[in-house]
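In the working numbering, the protein residues as written are 93 to 466. Below: one structure, written as structure tokens.
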Ligand SMILES: C[S@@+](CC[C@H](N)C(=O)[O-])C[C@H]1O[C@@H](n2cnc3c(N)ncnc32)[C@H](O)[C@@H]1O
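Shown next, in the form of structure tokens:
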């Protein structure tokens, strides 16, 4: 089928989703990770608009139904703490101010991980040390006076315009003995680092992984490829069903966590490779070219996959690919390129799809698509 016709068909199919949406078991305060921005106006909360639109207004997250009471409490505490300091929040348009964001991660075990990101501007090293010491006091106060189980507290100096926690800029552990928290998922335990990806809604993720397991149809002869594997959650949770799991992931800290998580759970039939999957996948596919029952699960970031990875799937002997997408619009061209007749390698066919509501109270869902070919 030609691209345009295929796009029209995909659009129509997806707009008329026949499978029911799988609901999230919890819809209140489900997020285990939040990035609270700190504004020049003294608010610690969320951006109302985007930089590109010229809006940098920050409002409190106190009425957000998907933010937990624990996180709201810590964010409010941080806001009150900032008001006592000579350093201000940050204006991302004017690039003024110091405190940029407070990142919180929690686990169902009640553990908390926190990171405060700070723009050094023209401050002297003494002034930066003073700010860092104040953040240490904030963390200590959370533990001692607020009785919050803060496992680790970080401080990051960050002066680029982009928003996020970038592993290349030094992240200093200033509170706690260990830089990790631990999460339970499908009876396994996962170690999580500050820079590793982990799904934000764990009970709904368990439903998502059950669906993936059903659609994989794994057997005693299957090899499972977990592409964009993060801390290895999909591959590790399905590892008991297959003789071999291969995980591919870009971020080194996530690969370290994945390897650690395999040992922690006594799993020894998995192998994780760090790098761009577009570079590592062809080598892995070559190695397992003779395996007739190789199943791929790919769970890329919002923007979807690099076209060269789609070409590698097309050229491979892979017969079944499950694509997990958190942004259907951005990944659409991937779906089309998997399925279009281009005179080259055999195309896949979209067999079924289902949405899992990983993000209640938002416009987003996780879409799972099953592609197969003969
Ligand atoms: C949406 S997360 C999914 C992680 C994991 N499957 C899970 O369910 O927790 C996407 C992951 O893809 C990784 N990633 C991004 N670009 C990549 C690439 N080119 N090759 C391999 N991994 C990539 C990210 O670091 C992130 O861990």
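Even glycine gets a Cβ: it sits at the ideal position worked out from N, Cα and C. Computed from a predicted model, the values in this text were never measured in an experiment.
- Straight-line spacing of the CA atoms in residue 433 and residue 382 works out to 25 Å.
- For residue 174, the CB stays at least 8 Å from every heavy atom of ligand 1.
- When secondary structure is reduced to three states using DSSP, residue 250 falls in the coil class, being assigned neither helix nor strand.
- Taking a contact to require three or more Cβ pairs closer than 8 Å, the stretch 314 to 331 and the stretch 374 to 390 qualify as touching.
- Here residue 120 is exposed: its Cβ has fewer than 16 other Cβ atoms, across all protein chains shown, within 10 Å.
- Within the model, the alpha-carbon separation for residue 372 versus residue 342 is close to 10 Å.
- With a threshold of 16 other beta carbon atoms within 10 Å, residue 129 meets it and is buried.
- Annotation for residue 289 indicates a beta carbon within 8 Å of some heavy atom of ligand 1.
- Contact between the stretch 272 to 281 and the stretch 247 to 258 is absent: fewer than three C-beta pairs spanning the two stretches fall below 8 Å.
- Taking all protein chains in view, the Cβ of residue 164 is crowded by 16 or more other Cβ atoms within 10 Å, so the residue is classified as buried.
- Only buried fits residue 322, as 16 or more other CB atoms lie within 10 angstroms of its CB.
- For residue 322, the shortest separation between its Cβ and any heavy atom of ligand 1 lies below 8 Å.
- According to the DSSP assignment, residue 441 belongs to the beta strand (DSSP E) that extends over 441 to 448.
- DSSP places residue 352 in the helix class (H, G or I) of the three-state scheme.
- DSSP, read as helix, strand or coil, puts residue 135 in coil.
- Residue 179 counts as buried, since no fewer than 16 other beta carbons sit within 10 angstroms of its beta carbon.
- Contact check between the stretch 326 to 343 and the stretch 359 to 368: three or more CB pairs, one atom from each, fall below 8 Å, which counts as touching.
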